[in-house]
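Q: One structure, as structure tokens, below. Some questions next.
Residue numbers (UniProt numbering), protein chains in the order written: chain A, 1 to 440; chain B, 1 to 440; chain C, 1 to 440; chain D, 1 to 440.
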């Protein structure tokens with residue numbers, strides 16, 4: 001890194017990229033990115049070129065010596081990289097539309113981490129990420145892989161359980177969003193509110209909130225519930241439930257605690273051709289139209305509606321802390337190991353299982369803080385998702401249809417053997433091209 | 001016990017009692033029951049007298065010196081007892097009908113151990129069983145309590161976590177039924193087929209089957225699935241799923257893996273006024289008519305259709321093994337502790353959590369055999385039920401409505417916050433008389 | 001307890017009793033002890049009468065209606081008791097002298113909890129305590145047993161692993177002494193200094209010290225070490241070691257971390273006939289001479305040199321908190337279970353293993369506070385002592401000489417197979433009368 | 001590996017190398033080693049040349065196309081390697097002599113894995129192995145590292161806890177020696193006797209012995225003890241102890257269970273200048289004289305007395321099984337993880353702690369078989385050694401003298417704070433040149 005940092009972004013043609021570029025520009029003084037390599041596949045070449053054009057205009061306007069490279073040859077880019085980020089989407093948004101519509105058409109809820117859709121996204125993605133890890137071991141063994149491709153938990157389990165590669169950190173924008181919302185609720189700035197997070201990806205809890213040295217967790221839980229009750233539209237948490245739970249759930253928890261309510265809503269949207277993936281696609285199409293504008297040289301406002309807001313900024317922040325050995329706290333996905341003194345961060349999980357938690361970030365990566373034991377009341381659900389992540393990643397690697405069925409059957413959103421079998425067959429057929437391991 | 005064994009059966013007016021009496025008569029040579037005390041409450045006096053009449057005729061016919069006592073004063077009966085069995089039903093079958101109908105009317109599946117119904121049965125029952133334990137500590141501190149009142153798992157957690165009473169063993173007829181079915185499938189006698197069971201009550205797995213010293217588990221799993229496939233009526237297991245699972249599930253597992261299928265069936269029966277509790281009530285009414293017959297002096301055939309077949313016989317067998325220090329293997333509910341060498345029977349659970357497992361039975365009670373680790377694929381579901389049992393038993397003791405809501409919300413059959421709140425209110429109102437802890 | 005509290009003290013003829021009596025007198029307003037039964041065996045009758053005489057004079061002077069009863073019939077005393085304390089010593093101090101001298105004569109260090117001596121004290125004591133528990137289940141099932149007979153850890157494991165009796169709490173004066181020493185060191189009153197303790201009996205650590213809401217653990221550790229360094233006489237802790245350890249060890253830890261130093265000192269004393277037991281015997285003889293004085297009607301000053309200072313006062317304080325449901329924090333021995341939310345107090349031990357820790361005391365007994373994970377650096381030693389306690393209690397119950405040898409061999413102070421065999425034979429022979437289980 | 005396998009042996013000038021070469025020659029048909037690179041440092045150049053000369057004569061005689069390369073430039077050798085073996089000794093045998101003599105001169109027992117000597121060997125070695133791992137990540141990311149440099153357990157913990165490198169397997173010849181001895185005892189060939197091993201390096205137990213499908217563990221334990229009793233010379237196991245232990249200890253266990261006996265013997269040898277390292281040095285000097293003989297073209301018989309017999313052969317066998325994806329069982333050191341179904345091999349250890357156990361060897365490395373729970377009686381000792389390995393490896397990486405003191409203090413062979421401090425200072429001084437991390 002003597003002559004500046006080399007970053008490789010796989011899935012570089014993604015609509016997220018301008019936020020990433022903005023993040024690197026903002027931090028150039030402390031994190032001098034000399035080369036940013038945007039890698040994509042042939043099918044994504046057009047988008048890649050559009051995004052790279054915007055990126056170059058942004059850099060030029062900023063007046064900094066950051067080179068933007070594009071390539072379809074991943075290995076060319078990886079050679080000597082310092083950090084690699086993965087924001088790829090195997091099969092693109094049209095695959096995600098199938099992940100959501102096919103299960104819903106049989107009454108099963110889900111998205112790209114939940115339910116049947118999450119399993120298929122995982123099975124398409126894990127073999128690709130494993131290949132990237134292998135290339136990195138060979139071409140840039142010192143580099144860190146920052147993965148923000150979903151399902152982050154299942155992808156991380158796939159790497160940890162099925163490879164020897166350990167320089168990987170998973171990233172999600174849910175905790176940062178909760179942190180912001182809690183600060184707003186308490187009328188404070190984010191940096192004044194210390195929030196401890198612990199759980200799994202898309203199943204993370206805020207376990208403790210401290211302001212001015214005082215533990216205000218109970219107060220926050222109460223306000224959180226009251227606020228949602230006032231918000232008459234939408235699906236809100238019951239205050240009694242939150243109080244008894246004793247920790248703050250994230251938005252994705254509603255899929256499991258309010259399945260019926262969410263399913264009803266999703267069925268409405270299905271009819272109107274507005275499953276989440278379709279909504280995202282619409283926004284993306286608009287974004288690329290905007291990106292094309294040769295006069296645009298900054299991240300457009302609309303990107304914040306895309307759903308992944310803060311995602312790329314969180315990635316830049318993480319890279320900056322590793323590069324500068326900052327030792328600050330960020331919420332990421334890593335294994336449940338602290339050190340030889342206090343070896344587990346969350347007592348409910350095994351030490352080699354992947355958790356999403358508040359971590360100290362240094363040049364050696366991420367180390368979780370001590371969280372203790374999550375309440376018995378949440379233990380069942382988090383173990384169920386952990387089982388699903390593990391069995392799902394096993395199926396992704398083995399290509400064994402029986403294991404894929406097992407993963408579906410143990411998912412708490414499926415709840416029907418008959419539907420599981422039908423949906424498995426339909427999704428395997430729909431994603432045939434991206435699941436070669438099942439068609440050997 | 002010098003002058004013969006004294007047994008106390010609480011809920012003695014139950015239709016199960018004749019099987020229990022038959023069991024003691026059969027075993028009189030090795031297990032000389034001198035006094036059998038049938039205890040019930042005032043509301044059950046008529047049934048108690050009918051059952052006692054039949055019991056006395058059975059004993060007389062057998063020509064053995066076993067005294068049948070009846071009383072409405074539990075403490076009178078407990079004085080100096082050697083074994084106590086609990087087959088009581090707080091609120092009777094009419095309470096169970098509410099447990100099933102009210103949730104179903106809001107689309108929630110359940111029975112007396114599953115879902116919302118199981119929670120309410122537990123909350124009505126646990127305080128009563130705790131009182132019985134307190135009386136036993138005072139009046140017959142050496143006696144063993146054999147509990148077959150459902151929900152057995154939640155009741156056992158209530159005793160283990162909230163009292164210091166340890167002389168309790170929980171009993172269920174599901175494992176003995178599976179054992180018999182496996183033997184039939186393999187064309188063998190039960191005693192030729194060694195089956196190891198491990199899991200939770202109504203969530204037990206056959207983890208290993210050995211015949212003539214050979215491990216035939218895989219073969220049994222295959223046959224089990226094939227057989228259910230041939231059986232075109234009813235809800236059957238998918239062979240691929242069972243093979244990937246690697247252990248044999250019990251019938252109650254279908255509630256969780258085939259929720260949709262079961263719910264559809266239950267909704268049909270709801271309309272026809274044939275929820276399980278109503279069917280059981282019908283059989284029971286017939287049974288009591290038959291029991292009244294002054295010429296009847298044996299257990300009538302119809303009792304086998306009651307659903308609890310083998311239950312009472314299993315209880316007699318368990319008492320016999322404790323009394324005679326037999327050291328044989330029976331499947332019961334007890335804590336997950338073996339001994340200081342191999343301290344946990346099932347690695348997935350804590351050492352003080354209650355499991356249902358193959359146990360060695362001696363004069364010191366039940367000690368589980370070493371089961372090892374249940375597959376990761378089932379870990380999520382069993383932890384979810386264990387969380388529910390524990391939080392449910394906490395709510396039963398505290399009488400805190402928030403904790404009861406929490407228990408409902410974490411149950412995998414409820415899946416809706418809105419429904420949870422409605423069903424909680426309706427069931428609390430319906431069972432007001434039997435839940436004084438919630439109306440202080 | 002309507003008409004005042006009934007206390008039974010087994011081993012009532014002990015020299016500790018006057019402190020116990022003083023404790024009850026002091027607390028009479030909140031803890032109205034109506035009857036104090038001092039129970040002993042025939043061989044201890046003379047001492048029992050001396051102690052009872054003094055006790056009666058103390059009560060008379062205090063002018064309170066507390067009856068002092070003496071009896072040699074334990075069962076007579078236990079009938080209807082509210083609290084039972086055990087301060088018995090099977091074989092008396094002369095047995096303890098053998099426990100110390102025989103191993104030392106072969107170069108093995110130990111006392112009544114450590115090494116070979118601790119094992120034999122445990123094997124003599126556990127069967128007696130088990131008998132007391134059985135009597136209590138029958139005669140006073142609601143009473144609590146407060147055990148301060150050593151080895152407290154092994155005795156507790158004996159009860160927890162080999163009986164169903166759970167109303168037992170173990171007590172030791174080491175933590176209260178450390179608490180006092182820490183307060184002195186910081187120039188504060190004890191009640192201003194909050195110290196969290198966790199570990200095993202005679203192997204407890206102060207894990208956290210808080211003053212005025214500030215965590216001062218590191219400062220205390222530094223001062224503790226500096227102070228001991230200044231104290232040129234005696235065996236002192238190395239500051240670097242304490243800093244790296246990160247928790248404050250108790251005095252008994254020196255047996256294991258400074259075996260060589262302690263052994264050298266003990267060998268000197270052996271020659272001078274001043275092993276600890278002999279020193280204690282000398283003090284005791286003097287104490288009984290003083291107790292006889294018909295004009296004495298208070299606890300004499302000399303008792304504080306006896307070694308068990310604060311022991312009896314701690315017992316009174318514990319009984320008072322249970323009786324009045326105080327919910328205060330005291331350090332006692334109990335199982336490692338908190339509640340269903342945070343189920344283990346110390347992560348290093350199993351949930352049903354006995355720990356010594358800061359506990360909340362209520363009418364339902366003692367529940368440990370959450371300690372978290374003790375440092376990896378101490379895990380080896382605490383597991384070794386836990387293994388020794390468990391195997392030792394197994395041997396005490398089974399009377400199997402092979403298991404007793406195993407317990408000796410795994411004790412970290414024995415370190416020689418040859419010596420283990422010799423010492424085992426010599427101690428079995430020396431204590432033959434008190435170890436009937438080994439001579440069946 | 002298309003054109004044959006490339007092996008790199010670091011510490012190639014070791015006297016072990018001819019056994020390694022013989023092993024590769026024997027297996028050439030299945031494991032076609034094209035290049036064997038012997039790497040050493042300048043100080044070892046003479047030995048390296050002698051060994052390489054012999055190796056070339058051996059290969060020539062065998063008539064196979066295996067190239068023997070020598071180099072002092074490790075990175076040159078590593079480029080593109082398939083397997084790397086480490087048999088280096090930082091500081092050579094003269095450092096080992098200090099490791100043994102200095103502690104012994106203060107009455108502390110030890111060798112290169114035990115006690116103070118083991119700690120210093122570890123602290124000299126771990127930074128070097130970490131550097132090798134870093135080079136491998138860069139130069140041969142697909143290669144496996146087979147480490148047989150002691151202390152294997154501490155070195156492995158150093159890599160697992162302080163790096164992200166996972167392609168490492170630790171090797172020891174103790175299990176293979178025990179396997180052979182058990183087979184001899186039972187008058188069988190090794191391949192007829194199935195022995196399951198579990199524990200830590202130099203602290204491994206044979207937990208199960210099966211012959212012709214029958215579990216003969218108890219019989220083997222009995223014979224093992226009887227045999228050692230007959231063998232009047234030397235230090236032998238007490239049969240009662242082995243029976244109560246229930247598993248077969250390895251020879252290194254005697255250091256802990258018979259410390260006194262071993263220490264006496266070692267003190268004798270110390271006086272005669274025959275500590276183990278000195279004996280080894282004598283044999284080595286003779287070996288190199290023999291190796292020089294230009295007519296010698298095979299491994300001389302004397303090498304078998306060297307102490308590491310079977311070590312190199314075990315390494316060849318391990319490499320062969322990985323290369324050919326054999327799936328056979330070998331005993332190696334790896335992390336305690338099996339798979340998502342049965343995730344821990346030995347329940348006593350955490351899933352990411354390094355164990356020595358029977359493992360299945362495939363192209364993906366080593367996966368332990370399911371061992372279950374080691375007896376409570378051995379839990380204390382194995383946890384103590386595991387703590388020592390972990391704290392020792394922490395000190396090796398941090399270069400913090402306080403942590404090194406902590407490691408010494410918790411080692412069961414040190415037992416004296418005073419001695420610990422003296423020995424620490426003397427050994428730091430003695431090994432100054434090889435411990436730069438402590439002298440920054």
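Glycine residues also receive a C-beta, built at the ideal position from the N, C-alpha and C atoms.
Keep in mind the model is a prediction, meaning the values are calculated, not measured.
#1: Taking its Cβ as the centre, do 16 or more other Cβ atoms sit within 10 Å of residue 63 of chain C, making it buried, or is it exposed?
#2: Out of curiosity, what's the CA-to-CA distance linking residue 47 of chain C and residue 291 of chain C?
#3: Between residue 372 of chain B and the rest of its own chain, which residues show a CB-CB distance below 7 Å, the 5 nearest in sequence each way excluded?
#4: In chain D, which residues lie with their C-beta within 8 Å of the C-beta of residue 343 of chain B?
#5: Which of the three DSSP states, helix, strand or coil, is assigned to residue 425 of chain C?
#6: Taking only three categories from DSSP, how would you classify residue 165 of chain D?
#7: Specify the secondary structure class of residue 349 of chain C as computed by DSSP and reduced to three states.
#8: Anything in chain D within Cβ reach of residue 241 of chain C, meaning under 7 Å, just list it in chain order.
#9: First and last residue of the beta strand (DSSP E) that includes residue 129 of chain C?
#10: Going along the chain, which unbroken runs of the alpha helix (DSSP H) with 4 or more residues stay wholly within the segment 190-233 of chain B?
#11: Determine whether the Cβ of residue 154 of chain A lies closer than 8 Å to any Cβ atom of chain B.
#12: Should residue 333 of chain D be labelled buried (16 or more other beta-carbon atoms within 10 Å of its own) or exposed?
#13: Count the other C-beta atoms from every protein chain shown that fall within 10 angstroms of the C-beta of residue 431 of chain C, then say buried if there are 16 or more, exposed otherwise.
#14: Rounded to whole angstroms, what is the Cα-Cα separation between residue 400 of chain D and residue 439 of chain D?
#15: Is it buried or exposed, residue 231 of chain A, if we count other Cβ atoms within 10 angstroms and call 16 or more buried?
#16: Got a sec? Which residues, its chain only, sit under 7 Å from residue 377 of chain D by beta carbon, not counting five neighbours each side?
#17: With a Cβ-Cβ cutoff of 8 Å, do residue 86 of chain D and residue 12 of chain D count as a contact?
#18: Sort B/385, B/93 and B/297 by Cα distance to residue 61 of chain B and report the nearest one.
#19: Which residues share a DSSP beta bridge with residue 173 of chain B?
#20: What residue ranges within the segment 17-88 of chain B form continuous beta strand (DSSP E) runs of no fewer than 3 residues, ordered along the chain?
#21: Would you list, in chain order, the members of the segment 338-362 of chain C that have their beta-carbon closer than 7 Å to a beta-carbon of chain B?
#22: Under 8 Å Cβ to Cβ from residue 302 of chain B, same chain only, skipping five residues before and after it: list those, please.
#23: When DSSP labels each residue in this structure, what does residue 359 of chain A get in the three-state scheme?
#24: Listing by chain order, which chain B residues have their CB less than 7 Å from the CB of residue 391 of chain C?
A: If we stick to the structure as given:
#1: Working through the third chain from its first residue, we reach residue 63 of chain C at position 63. Flag for residue 63 of chain C reads exposed.
#2: Counting from one through the third chain, the residue named residue 47 of chain C turns up at place 47. Counting from one through the third chain, the residue named residue 291 of chain C turns up at place 291. One C-alpha to the other measures close to 9 Å.
#3: As a working mapping, residue 372 of chain B is identified with position 372 in the second chain. Closer than 7 Å at the Cβ level, and outside the excluded window around residue 372 of chain B, lie 347.
#4: Position 343 of the second chain holds residue 343 of chain B. 373 and 376, listed in chain order.
#5: Here residue 425 of chain C is taken as the residue at index 425 of the third chain, counted from 1. Helix, per DSSP.
#6: As a first step, residue 165 of chain D is located in the fourth chain; it is residue number 165 there, counting from the start. Residue 165 of chain D: coil per DSSP, three-state reduction.
#7: As a first step, residue 349 of chain C is located in the third chain; it is residue number 349 there, counting from the start. If DSSP states are grouped into helix, strand and coil, residue 349 of chain C belongs with coil.
#8: The residue you call residue 241 of chain C lines up with position 241 of the third chain. Under the 7 Å cutoff, chain D gives 405, 406, 409 and 417.
#9: On the third chain, residue 129 of chain C is found 129 positions in, with the first residue counted as 1. No beta strand (DSSP E) holds residue 129 of chain C; the alpha helix (DSSP H) holding it covers 115-139.
#10: 217-230, all fully within the segment 190-233 of chain B.
#11: On the first chain, residue 154 of chain A is found 154 positions in, with the first residue counted as 1. The beta-carbon of residue 154 of chain A is placed no less than 8 Å from the nearest beta-carbon of chain B.
#12: For the purposes of this step, residue 333 of chain D is taken as the residue at position 333 of the fourth chain. Result: buried.
#13: Sequence index remark: in the third chain, residue 431 of chain C carries index 431 (1-based). Buried, by the Cβ-count rule.
#14: For the purposes of this step, residue 400 of chain D is taken as the residue at position 400 of the fourth chain. For the purposes of this step, residue 439 of chain D is taken as the residue at position 439 of the fourth chain. Between residue 400 of chain D and residue 439 of chain D, the C-alpha separation is close to 10 Å.
#15: Within the first chain, numbered from 1, the residue matching residue 231 of chain A stands at position 231. Because residue 231 of chain A sits at a pLDDT of 47, beneath the cut-off of 50, its placement in the model cannot be relied upon, and the following sentence gives the value as read from the coordinates. Residue 231 of chain A is exposed by the Cβ-count criterion.
#16: On the fourth chain, position 377 is the one that residue 377 of chain D refers to. Within the same chain, residue 377 of chain D has close Cβ partners 245.
#17: Taking the fourth chain and counting its residues from 1, the one referred to as residue 86 of chain D is at position 86. Taking the fourth chain and counting its residues from 1, the one referred to as residue 12 of chain D is at position 12. Cβ distance not < 8 Å, so residue 86 of chain D and residue 12 of chain D don't count as in contact.
#18: As a first step, residue 61 of chain B must be located in the second chain, where it is residue number 61. Residue B/297 is the option with its Cα nearest to residue 61 of chain B.
#19: Taking the second chain and counting its residues from 1, one reaches residue 173 of chain B at position 173. For residue 173 of chain B, which the question treats as bridged, DSSP gives no partner whatsoever.
#20: 33-39, 67-71 and 83-86
#21: 340, 343, 350, 351 and 352
#22: Working through the second chain from its first residue, we reach residue 302 of chain B at position 302. These residues qualify, in order along the chain: 283, 286, 287 and 290.
#23: Walking along the first chain from the start, residue 359 of chain A turns up at place 359. Strand.
#24: One-based indexing of the third chain puts residue 391 of chain C at position 391. Near residue 391 of chain C (Cβ distances below 7 Å), the residues of chain B are 340.
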